[in-house]
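First residue of the sequence shown? That's 1 in UniProt numbering, and the numbers climb one at a time after it. We put the CB at the ideal spot given by N, CA and C, even for glycine. These numbers come from a predicted model, not from an experiment.
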Amino acid sequence: MSEEELNQLRANADSLAGCLHSLLQKIETMEKGKGEREQRSGAESPLTIQTDAQESITEIRSDKGIKRIITKQTVKTRSIHAVNLESSHSLLSSQHSPTHIPAPRDVTMQAKQLQLLRVTVYQSRLVVLSVEPRANLDIHAGDIIREVDGRVLFSDSQLRALTGQITLTVQPAQVYEAPPKFYRLVNRFEDPDTSFSVRAGEVVQVLSEEKDRLNVRSVNDPTIVGRIPMTIESEPVTMVSPFGRGAVALVGAPSVGRRTIKTLLLQYAPQLFATVVPVTSREQHSGEQEGREYQFWRKETVLERIRDHEMIEWGELDNQLYGTWAGDVKEVVESGRVCILDCAPQALPYLYNSSFKPFVVHIRGPELEESVQLEQLRPKIRSKEELERADKESEIIADKYGKYIHLTLVNRNTDVTFKKLLSALEDLRSNSQYIPVAWSDLSSAGSSPN
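Following this line, the structure appears as structure tokens:
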């Protein structure tokens, strides 16, 4: 087949994809018995996303039973034509939408005034915990420092190193963007010196403790910030995901599209889904930011976490360690969101417990013969040998880890696969679930004493 004929086939495939997109929308409209639905703003434009292209090679050391998952990461940019999702899924319904937050604002100040702010790093974000009254700045407890002079900062040390006049871009943090410490007040509280008040039964988010007072804000309106006595009668509470699961683990052979699916989930509903930044013992490269590409740890620290069984997965490349720390995943879960992980299947036995309650999704390609045909329509064609390896690895995952897998998706088309995953997640949110007894807090309730 000549190059000209191949290009013509690709052009035809693009045209067919557009027709299929329109046909899917019409079918959905007919099935629901509705007229034309409003198109999502910008739905006709391709969605450009960045995905981590990551290859993993796993070794099992038989002498010590230690797994080594060798990982390489690169960043790829690609465009996809997203199917309209809002009309058929209620994940973004009002009760799950993020609280309306005012737009970011710029605050110009002298860097030395930063001493009047108490700041912490939470999930790679700079969160203001308290502000001294004498600061006289338009910055409040619960604000996130989005940028400084147009740059994103990831650590308190970067902030403290600033000098001269600076401009902070700040914005009230969403509830999930600040440390997840919550109390439900038993009685109504009113501050006699300010207009701050809390109704009986209302939940507040604790930002910091100072002497005999707590700096808090309303979870219903994070812009309302005040102080309450430490002695006030209250009940510690925790925020839980509406899905009843702490993590969604996407597993699959290389190049089946699971990282693209992960990126789409994170962009689709950031108030519901989050992920973690991997750790590494290697030195920081030029242009990298702490907490963006990686968390840069001392090698001794990573080894200690491995010995203490605190790494969900880890690997070694060029004598440097890489991995995912369980503490970061727990932090996401405690924020009330679902942690989206694209992990090696060897990590599933570690994740499969009551702490994470994972929903495990196996993403795989179609049967080999169909994969070979579909591959001819792609800009970059993989060899039949590559497809055979991916097909074989998918079979191994299904056979060896099938007892952990809750859903298998055959990824012929990213849009359709993503929509099927959203549908499964919506079922988790709205329907009864059956989980292992060991995951239930009631597993030991009512048991007879020995």
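Asked	Found
Helix or strand or just coil, what does DSSP make of S79?	Bear in mind that the predicted position of S79 carries a pLDDT of just 48, short of 50, making it unreliable; the figure below should be weighed with that in mind. Here S79 sits in strand by DSSP.
Exposed or buried, K262, counting other C-beta atoms within 10 Å across all chains shown (16 or more means buried)?	buried
Residue range of the alpha helix (DSSP H) that F182 falls in?	From DSSP, F182 is part of no alpha helix (DSSP H) but of the beta strand (DSSP E) over F182 to L185.
Would you call Y434 buried or exposed, if buried means 16 or more other Cβ atoms sit within 10 Å of its Cβ?	exposed
Ends of the beta strand (DSSP E) at A205?	The sequence as given places Gln at residue 205; Ala does not occur at that position. Unbroken beta strand (DSSP E) run through Q205: V203 to E210.
For the beta strand (DSSP E) holding A398, just list the boundary residues, first then last.	First-last for A398: K384 to Y401, but that is the alpha helix (DSSP H), not the beta strand (DSSP E).
Tell me which same chain residues have a C-beta within less than 8 angstroms of the C-beta of V256, skipping the five on either side of it?	I363, R364, G365, A390, S394 and N411
Buried or exposed for residue 486, please, with buried defined as at least 16 other CB atoms from any protein chain shown within 10 angstroms of its CB.	Past the edges of the chain, shown from 1 to 450, lies residue 486, and the structure says nothing about it.
Pick out whichever of D221, E375, Q123 and Y401 has its Cα sitting closest to the Cα of S335.	Q123
Note down, in chain order, each residue of its chain lying with its Cβ closer than 8 angstroms to the Cβ of N136, except the 5 sequence neighbours on either side.	none
Quick test of your reading: G246 and K357, contact by CB under 8 angstroms. State the CB separation rounded to the nearest angstrom.	5 angstroms
Is the separation between the beta-carbon of L368 and that of L387 shorter than 9 angstroms?	yes
Rounding to the nearest angstrom, what Cα-Cα distance links I306 and R337 in this structure?	25 angstroms
Who are the Cβ neighbours of V219 in its own chain at under 6 angstroms, not counting the five residues just before and after it?	V175, V203 and Q205
Where do the N-terminal and C-terminal ends of the alpha helix (DSSP H) with I261 fall, by residue?	R258 to Y268
Grab me the residues of I312's own chain with a C-beta within less than 8 angstroms of its C-beta, minus the 5 sequence neighbours each way, in chain order.	G323, T324, W325, A326, V329, L341, C343, A347, Y350 and L351
Just tell me which of Y401, S355 and L428 has its CA closest to the CA of W439.	S355
At what residue ranges does the stretch 214-254 contain a whole run of the alpha helix (DSSP H), taking only runs of 4 or more?	none
Hey, how far is the Cα of S94 from the Cα of L207?	Interpretation of S94 is limited by its pLDDT of 40, a score under 50 that renders its predicted location unreliable; the figure taken from the coordinates is listed afterwards. In a straight line, the C-alpha of S94 is about 26 angstroms away from that of L207.
Tell whether a beta-carbon distance below 9 angstroms holds between P172 and I144.	yes
Where R382 and E370 are concerned, what is the direct C-alpha to C-alpha distance, given to the nearest angstrom?	13 angstroms
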